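Numbering (my numbering), first residue to last: 73 to 612.
All C-beta atoms in this analysis are idealised placements derived from N, C-alpha and C, irrespective of residue type, glycine included.
Because the structure is a prediction, the values reported are computed rather than measured.
Quick notes on the structure that follows.
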């Protein structure tokens with residue numbers, strides 16, 4: 073499927089091109105830019121499934137890598153030494169690089185072509201993963217993780233933009249149902265797969281696993297992924313890039329290091345203030361320049377803005393479950409990483425089974441009822457996890473997470489599809505980049521805020537309850553100078569610590585459930601786009 077040449081474009085379209093871009097010469101056979109509908113690749117009504125499956129590979133790898141590597145942190149620290157704060161820069165460096173690369177991905181897709189960017193990013197991700205596996209010390213591993221994040225940030229945006237170019241409009245729901253497996257299924261599989269590799273094999277396989285998958289995926293993509301017409305590459309918005317990169321990096325660094333540096337410390341406050349000022353300047357620049365790096369005017373499309381808000385809420389909910397449940401199972405119930413991952417695997421299976429079905433339903437009934445009902449079920453499932461305690465059974469945690477997974481499976485892809493479907497085709501690169509930026513940044517910020525809340529509550533509750541128990545014990549308090557007394561006090565300490573941990577994490581899930589439930593109202597405003605392919609969106 074090749075790009076449309078100028079000879080195949082009607083005369084009025086060619087004149088429109090010259091009017092908009094007078095600096096471009098009329099060269100025979102020159103490809104028409106994709107910012108007109110005629111230049112878009114014509115979707116194949118029958119052969120879209122294989123391209124979507126190819127795109128799932130890149131999306132799955134990029135999302136899986138975030139959670140699977142976190143499981144390997146203790147083993148990496150054991151092999152390379154260093155403090156936990158130093159080792160966590162494996163994740164921090166990756167996240168900060170995403171904040172720089174993702175805003176750039178839309179322009180790169182316009183400049184070099186989405187298919188080229190996708191294949192190159194797959195190869196780059198495989199090479200970066202191999203380098204991480206070969207790292208001989210911590211500093212080298214962190215450096216290679218930064219390099220790995222560059223293609224890792226390009227993959228989701230290129231994949232999502234390609235999907236909208238290659239899939240017929242009437243099949244977009246079914247396609248997003250398949251594509252969404254990489255967004256939702258991968259974070260839940262990461263702890264299981266990573267836990268197994270770390271516990272029974274070697275942590276380096278966490279990285280090596282990406283190499284054959286990435287190279288094979290790139291080969292298949294190069295052979296079978298259709299080409300799409302390239303958009304006219306306008307002048308690079310350097311000022312916008314510098315301000316958004318500095319702003320997002322500062323905010324993300326503050327979120328990552330807030331717990332260890334102190335949320336009220338001068339370093340965190342400087343990062344937050346500086347990041348917000350850079351982002352404010354970025355908004356001013358993007359609204360003034362002729363060719364912005366990220367076209368913020370896409371937020372004038374009300375449905376797209378609404379979908380972003382809903383997706384941010386769901387992303388924080390997803391991150392909270394994937395992070396806090398395995399941590400509690402290990403710290404609160406003493407399970408190994410792999411065993412904890414196995415307990416949350418059923419929710420991933422529920423989502424994987426449900427999403428293709430939801431995709432087909434989307435094409436028939438639209439996003440409103442799927443998103444509304446899904447958000448409500450997700451809120452209820454999250455509320456059930458408010459009852460998390462050291463004494464909860466395996467059946468309880470599986471039931472709670474699976475109920476929540478039903479809601480996520482119903483709501484997540486309809487929300488995303490409705491938002492992207494509401495914008496004009498020539499804005500899909502920009503909309504996909506903004507979608508990924510919002511989910512990555514606010515997901516990280518939300519998780520950091522919830523983690524800080526849990527830590528503060530844990531410390532406060534422990535101090536309060538310890539004081540109450542000491543006061544209540546009075547003279548009968550065990551003597552710590554005897555072996556029996558010390559053992560009794562230590563046992564009480566452990567029991568109190570686990571009790572407080574469960575209470576603080578339960579409060580996190582309660583807050584998340586309340587926010588999710590409050591967002592159900594917004595989901596009722598989602599609707600199927602009745603805009604014909606290639607036409608401009610309504611600015612509501």
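N- and C-terminal bounds of the alpha helix (DSSP H) containing residue i
i	result
residue 358	338-360
residue 367	Careful: residue 367 lies outside any alpha helix (DSSP H) and carries neither H nor E.
residue 133	121-143
residue 445	440-456
residue 283	282-296
CB contact below 8 Å: residue i versus chain C
i	result
residue 242	Of the protein chains in the structure, only one exists, and it is not chain C.
Backbone secondary structure at residue i - three-state DSSP
i	result
residue 334	coil
residue 424	helix
residue 315	helix
residue 404	coil
residue 470	helix
residue 275	coil
residue 571	helix
residue 463	coil
residue 599	coil
residue 591	coil
residue 155	coil
residue 308	coil
residue 384	helix
residue 299	coil
residue 174	helix
residue 495	coil
residue 513	helix
residue 373	coil
residue 160	coil
Rounded Cβ spacing between residue i and residue j (contact assumed at less than 8 Å)
i	j	result
residue 354	residue 316	5 Å
residue 221	residue 170	6 Å
residue 445	residue 482	6 Å
residue 290	residue 191	5 Å
residue 226	residue 300	In fact, because the Cβ distance is near 16 Å, the residues do not count as touching under 8 Å.
residue 243	residue 441	So it is not a contact: roughly 20 Å between Cβ atoms.
residue 257	residue 127	Not a contact, Cβ separation roughly 14 Å.
residue 517	residue 327	5 Å
residue 249	residue 485	6 Å
residue 347	residue 379	Not a contact, Cβ separation roughly 25 Å.
residue 530	residue 582	Actually they are not in contact, since the Cβ atoms of residue 530 and residue 582 sit about 15 Å apart, beyond 8 Å.
residue 262	residue 198	Not a contact, Cβ separation roughly 18 Å.
residue 140	residue 324	Going by Cβ atoms, the distance from residue 140 to residue 324 rounds to 20 Å, so no, they are not a contact pair.
residue 174	residue 419	With a Cβ gap of about 27 Å, residue 174 and residue 419 do not count as contacting.
residue 279	residue 224	Contact doesn't hold; Cβ gap of about 12 Å is too wide.
- Where in the stretch 183-262 do unbroken runs of the alpha helix (DSSP H), each at least 4 residues long, occur, reported from the N-terminal end onward? 186-206, 210-238, 244-251
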